[in-house]
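Number of protein chains: 2
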Amino acid sequence: MSARTELKKTRKVDTNDDACEVNVVDARKVTSVRRKMHSADAVQLLAETFRVLGDPTRVKIVFALSKEELCVCDLATIVGASQSAVSHSLRALRQMELVRYRKQGKIAYYSLDDEHIGRLIDEGFDHVRELV
Amino acid sequence: MSARTELKKTRKVDTNDDACEVNVVDARKVTSVRRKMHSADAVQLLAETFRVLGDPTRVKIVFALSKEELCVCDLATIVGASQSAVSHSLRALRQMELVRYRKQGKIAYYSLDDEHIGRLIDEGFDHVRELV
DNA sequence: CGCTCATATGAACAGTCGTTCATATGATAC
DNA sequence: GTATCATATGAACGACTGTTCATATGAGCG
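Sequences listed follow chains A and B, in order. Taken in order, the first sequence gives residues 5 to 136; the numbers are from the numbering used here. Taken in order, the second sequence gives residues 5 to 136; the numbers are from the numbering used here.
Structure, rendered in C-alpha cells:
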C-alpha cells in the first residue's frame, strides 16, 4: 500500500447522492472506478435486461430463438410452458427489445432483436458449464 | 468457507413438460431446437445467474469489480448503497460464483471469479448502449 | 354469417426479492 | 482488558414476479 493511500485512509469521499456513512479504504480506487461507471440510466437498463433473462422460461425462449425463428405455440411446446405464460414472457422480452416479431396471417414469428442477445446467452452458458 | 460449498440452496426444477395443450405449427423446427436445448440444470443455473445480475446495485458491483479489486466498504461508497446491502448482494454473487474474495486482516477484497463475467457485463452494456 | 385457431392481456394469487435494522464475529488498536 | 473497524447475517417488511384463469382480438375457413 502506498504512503499516499495510507494518508487518505479514513477520509470520506463525497458520495454526491445520499448520506452513506462508510469509511473509504482506498480513495484512489474509489475515484478511479467511479469515473468509469456508466450512467444511472444505462445501469438501470442493463439490470432490467438481466432481470428479464433471469427466468428459466425466458432463458429457454431466448436460446430457442437463437437457433430458429419460431411462433408462439411452437415456443410453448419447446419450453414446456402454457401459451399464456410464453406470451407474457415474450412481452417482457419485447419491452426490453431482446426479441422482435413479424406477423404472418394469424401467426407471430419471433426472433432475437440483435446479435448481442445470442452472444449474451452463449457467454452465459459458457460460464455455467464450469459450474455443473 | 469456499464459494463452491455455498452454491446449493434454492434450486427449483419444473418437471411438468406434459401439461401443454398447444398445437405444433412446424414439427421439424420443434424437434431440431429441442435437440439443441441445454440441460434443465444448465438452464436453471443460467437463469439464476442472470437473476442475480438483474439488480442495479449488483450490476454496479460487478462492473466496479471488473475494473478493480475492491473491499466491501469501498464498494458501498462506489455504488451508493449501505454496507449491509452490499454485503448481502456480494453473498448472492458469491453463491453464483460470480465473485470471489481474499481476506487480508479485517478487510475482504473482492474480485470477479472468472473472465466470463466481465465479458457478460461488457456485452450487456453494448446491447444497452443502443437503447439509450 | 359462425366457428376455430393463434395470440394477447388483465386480474389475482402465491411466492420471491432487496433493503433496512439490529446484532454478531473477528481483527486491530489502545 | 475495552473500543473501534470491516464485514456478515437473520428477521421483517413492502414491493415485485411468474403463473394460471378467463377473456379478448383478429385472421382464416367454410
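Where a beta carbon is used, it is the ideal one built from N, C-alpha and C, also for glycine. For clarity, every value in this text was computed on a predicted model and none was experimentally measured.
Show which residues of chain A have a CB atom less than 7 angstroms away from the CB atom of residue i.
| i | result |
| --- | --- |
| B/V34 | D78, T81, I82 |
| B/L50 | V63, G128, F129, V132 |
| B/Q99 | Near B/Q99 there are no residues of chain A at all, since even the closest Cβ is about 11 angstroms away, more than 7 angstroms. |
| B/L171 | As shown, chain B starts at 5 and ends at 136. That puts residue 171 of chain B outside it, with no answer to give. |
In chain A, what lies closer than 9 angstroms to residue i by C-beta?
| i | result |
| --- | --- |
| B/L181 | Residue 181 of chain B is absent from the model: chain B starts at 5 and stops at 136. |
What separation, rounded to the nearest whole angstrom, lies between the Cα atoms of residue i and residue j?
| i | j | result |
| --- | --- | --- |
| A/M5 | B/G109 | In this prediction, A/M5 has a pLDDT of 30, which is less than 50 and means its spatial position is unreliable; nothing more can be read from the coordinates. |
| A/L49 | B/V132 | 7 angstroms |
| B/Y113 | A/P60 | 32 angstroms |
| A/A85 | B/I125 | 29 angstroms |
| B/R95 | A/I111 | 44 angstroms |
| B/R39 | A/E119 | 22 angstroms |
| A/C24 | B/K64 | Note that A/C24 scores 49 on pLDDT, short of 50, meaning its location in the model is unreliable; the coordinates nonetheless yield the value given after this. Between A/C24 and B/K64, the C-alpha separation is close to 16 angstroms. |
| B/R106 | B/Q99 | 15 angstroms |
| B/S43 | B/E52 | 14 angstroms |
| B/A31 | A/V76 | 13 angstroms |
| A/S88 | A/R123 | 27 angstroms |
| A/S36 | B/D130 | 21 angstroms |
| A/I121 | A/E101 | 10 angstroms |
| B/E134 | A/E134 | 31 angstroms |
| B/M41 | A/L74 | 14 angstroms |
Since residue i sits in a beta bridge, which residues does DSSP pair it with?
| i | result |
| --- | --- |
| A/C75 | A/Y113 |
| A/L106 | One point to set straight first is that residue 106 of chain A is Arg, not Leu, in the sequence displayed. Answer is A/Y113, bridged to A/R106. |
Residues of chain B with CB closer than 9 angstroms to the CB of residue i, please, in chain order.
| i | result |
| --- | --- |
| A/R55 | F54, R55, L57, G58, D59 |
Going along chain A in order, which residues have a C-beta closer than 8 angstroms to the C-beta of residue i?
| i | result |
| --- | --- |
| B/R123 | E127 |
| B/V103 | Result: empty, since nearest Cβ-Cβ is about 12 angstroms, beyond 8 angstroms. |
| B/K64 | M41, V47 |
| B/A68 | V37, M41 |
Beta-carbon separation of residue i and residue j under 7 angstroms?
| i | j | result |
| --- | --- | --- |
| A/R62 | A/S93 | yes |
| A/L116 | A/L57 | no |
| A/V66 | B/A80 | no |
Assuming residue i and residue j form a contact by the criterion Cβ under 8 angstroms, report the distance between their Cβ atoms to the nearest whole angstrom.
| i | j | result |
| --- | --- | --- |
| B/V28 | A/D78 | 6 angstroms |
| A/K33 | B/E127 | About 25 angstroms separates the two Cβ atoms, so there is no contact after all. |
| B/L97 | B/V103 | 4 angstroms |
| A/V136 | B/D45 | 6 angstroms |
Using a cut-off of 7 angstroms between C-beta atoms, extract the partners of residue i located in chain B.
| i | result |
| --- | --- |
| A/K40 | K71 |
| A/H120 | E127, D130, H131 |
| A/Q87 | V26 |
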